[in-house]
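Reading through the structure tokens given below for one structure.
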Amino acid sequence: MEERLERITTAIRSALHEGQTNWSIQFLTAKDPRFTQAWDVAKQIPGWFEEVNAVSQFLVIADLRPRCIVEIGSYLGRSTVFFAKTLEVLGIDGMVTAIDPHTGDRQHLENLGISELPSLEMFRSHLRATGLQDRVQAIVASSHDAVADWKDPIDYLFIDGWHSYEAVVQDGHDWVPRLDDRGVVLFDDATRISDVRRGVDELVADHTICLYGDAFGQAFAGRRPDIPPSVRTVLRSFRPLTRHIPGHRTTR
Ligand SMILES: C[S@@+](CC[C@H](N)C(=O)[O-])C[C@H]1O[C@@H](n2cnc3c(N)ncnc32)[C@H](O)[C@@H]1O
């Protein structure tokens, strides 16, 4: 009986999450139809970055108009291309810096039982194929090695590199101080992977970041406590169905 109840609860939880994702995609896409131009290009590239992640970030980028986007963890370039194309369609004179040693994603490597999976060649081919090379500066290094030479203030920081507790905390300590006062930082997989969640919690506890909330597996944060209006819109869009999920919270 208990087992049956657990299965039903899991099914309801998953249906609410899926319904919420579809709802949010419809709701957020309607807020800016230019999103489709960027997503139609990015979705051709294999990767983990999903449509709902893309549309929520599109709205924040349209609001902030960042000239300097830094991405930690590019893999084959799906999110990189999305950011670069978004700058183009929004007419923003900005650049994406994509930092990745191109040695492989932690969970991917562990699941395959291998220690390295090179991605640089495909990453470069995807940038050439989409014609976005001039919008992207690629740094082939670990995020910790790359930070020593970093000088510019960052307007938008996307952290999707090595998904361990230590690496997330290190990325926060290394890179958040370089974020502009009004900038936004996103931690991918912050609710899906427990090590990433713990890392984000630690960065909140030691005051490196102010956490605005979680939506679609990502944590939205910044250096200032006041939440940018576009981030507020995104977080609200995530509530209609998820608030019925027992124990679900959009902030921790
Ligand atoms: C989850 S994937 C990135 C996915 C990509 N953002 C996308 O949307 O498809 C993680 C990437 O982090 C990279 N990585 C691993 N260790 C890293 C480190 N120390 N610094 C930066 N990136 C790292 C891996 O090579 C891998 O390509």
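Using the working numbering, read the sequence shown as starting at 4 and increasing by one per residue. Note that beta-carbon positions come from the ideal geometry of N, C-alpha and C, so glycine has one too.
* Asked: Do three or more CB pairs link the region 82-97 to the region 61-74 at distances below 8 Å?
  -> Taking a cut-off of 8 Å for Cβ pairs, the region 82-97 and the region 61-74 touch, as three or more such pairs fall below it.
* When we look at the beta-carbon of Ser240 and count the other beta-carbons within 10 Å, is it buried (16 or more) or exposed? -> Along the sequence shown, one-based indexing puts residue 240 at 237. When all chains shown are included, Ser240 counts as buried.
* Thr100, DSSP secondary structure in three states -> The residue given as residue 100 occupies position 97 in the sequence shown. Thr100 falls in the strand class under three-state DSSP.
* Asked: Which residues in the same chain have their Cβ closer than 6 Å to the Cβ of Ser145, if we skip the five residues on either side of it in sequence?
  -> Counting from one through the sequence shown, the residue named residue 145 turns up at place 142. A distance below 6 Å between beta-carbons, with the five flanking residues on each side excluded, links Ser145 to the following residues of its chain, in chain order: Pro104.
* Asked: Which residues in the same chain as Leu244 place their Cβ atom closer than 6 Å to its Cβ, once the five residues preceding and following it in sequence are excluded?
  -> Within the sequence shown, the letter at position 241 stands for residue 244. Sequence-distant partners of Leu244 (beyond 5 residues in either direction) whose C-beta falls short of 6 Å from its own C-beta, in its chain, are Leu19, Gly22 and Gln23.
* **Coil, strand or helix - Ile248 by DSSP** => In the sequence shown, residue 248 corresponds to position 245, counting from 1. In the structure shown, Ile248 sits in coil (DSSP, three-state: anything other than H, G, I, E or B).
* Strand pairing of Phe190, partner residues [DSSP] -> Reading the sequence shown from its first residue, position 187 is the one you call residue 190. Phe190 pairs with Ile162 and Ala222.
* Hey, is Ile117's beta-carbon within less than 8 Å of any beta-carbon in chain B? -> Going by chain labels, chain B is absent from the structure shown, which holds only one protein chain.
* Where the beta strand (DSSP E) containing Ala18 begins and where it ends -> Taking the first residue of the sequence shown as position 1, residue 18 is located at position 15. In the DSSP annotation of this structure, Ala18 is not part of any beta strand (DSSP E); the continuous alpha helix (DSSP H) holding it starts and ends at Glu5 to Lys34.
* Per DSSP, the bridge partner or partners of Asp217 -> Start at 1 with the first residue of the sequence shown, and residue 217 comes out as number 214. Beta-bridge partners of Asp217 (DSSP): Ala222.
* Asked: Sorted by chain position, which residues of the same chain lie with C-beta nearer than 8 Å to His247's C-beta, five sequence neighbours on each side aside?
  -> Looking up residue 247 in the sequence shown gives position 244. For His247, where only same-chain residues beyond five positions count, the Cβ hits under 8 Å are Leu19.
* N- and C-terminal bounds of the beta strand (DSSP E) containing Gln140 -> Mapped onto the sequence shown, residue 140 falls at position 137. Per DSSP, Gln140 is one residue of the beta strand (DSSP E) stretching across Val139 to Ile142.
* Taking 8 Å as the threshold, find out whether the region 141-157 comes into contact with the region 39-58 through three or more Cβ pairs. => Segments in contact, no.
* **Simplified DSSP state of Ile64, which is helix, strand or coil** => As a working mapping, residue 64 is identified with position 61 in the sequence shown. Note: Ile64 maps to helix in three-state DSSP.
* Asked: Any heavy atom of ligand 1 within a distance shorter than 7 Å of the CB on Thr211?
  -> By one-based count along the sequence shown, residue 211 stands at place 208. Checking the Cβ of Thr211 against ligand 1 gives no.
* Three-state secondary structure (DSSP) of Asp204 -> If you number the sequence shown from 1, residue 204 lands on position 201. DSSP places Asp204 in helix when its eight states are reduced to three.
* **the region 154-168 / the region 179-190 touching (three or more Cβ pairs under 8 Å)** => With the cut-off at 8 Å, the region 154-168 and the region 179-190 touch.
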